[in-house]
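Per UniProt numbering, the very first residue in the sequence shown carries number 1; after that it's consecutive.
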Amino acid sequence: MARTGAAGEPGPMRTSPAGRANNAVGAVRGVTLIELLVVVTIMAVLALGVGLSAGGLFAPRGGVSTADQLTQADLRARDAAVLGRARIGIYPRRDGWIMARRDDAGRWQPEGAPLRVADARLTWQVDGRRYLPGLSEPGTREAPPVQFAPDGGSTGFSLRVEQGRDRLDCDAEAGRRLECGLR
């Protein structure tokens, strides 16, 4: 028969001395193997992410590849436009490109350092037409030839990177991300 309290509610349940020893209040609980595996997995994923972002051991010999540099810069420009809800422009250069953003006065100002591809010659096409770098530069009212819109749209462009005998062709159709392949 269960014990009842003053208000007719069940009272505390009786526990044997052996049960009290096995279920001591405030006892320190150990870590299960599953919990340990989850923590180790999370640490491994974080270490891999730090290694990849820093270049570190995972970079190709001599640093980040040119294709990776270009596609990462394209992604940064697209993200900056969408997240910043503002147009981001690219001014092509013979050795890479420079991102720009319009200031309050309507001038396009450089956004960060220029992307430079060492010891390379770049050939640009914007909207299917050959583009000669140096025709417009940041700090002018002239809009950059390649632009990324806040809605994710963009100007179509392609570029060829020539480094010695190697040739890399990159293409970004309007509204699509840049894809590069060795030729």
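Beta carbons: idealized from backbone N, C-alpha and C, even for Gly.
Values in this document were obtained by computation on a predicted structure and should not be read as measured data.
Here DSSP, grouped into helix, strand and coil, assigns Arg-167 to strand. Of the residues Val-117, Asp-127, Leu-122, Gly-156, the one whose Cα lies closest to the Cα of Asp-68 is Val-117. Cβ-Cβ separation between Ile-98 and Ala-77: approximately 10 Å, too far for a contact (criterion under 8 Å). Listed as beta-bridge partners of Thr-155 by DSSP are no residues whatsoever. Boundaries of the beta strand (DSSP E) harbouring Arg-121: 121–126, taken from the DSSP string. Assigned with DSSP and collapsed to three states, Glu-111 falls in coil, not helix or strand.
Judged by pairs of C-beta atoms under 8 Å, the stretch 173–180 touches the stretch 141–155, as three or more such pairs exist.
DSSP places Gly-96 in the uninterrupted beta strand (DSSP E) bounded by 96–102. For Trp-108, the closest C-alpha among the options Pro-144, Leu-75, Leu-132, Leu-115 is that of Pro-144. DSSP places Glu-35 within a helical segment (H, G or I) once states are collapsed to three. Judged by DSSP in its simplified three-state form, Arg-76 adopts helix.
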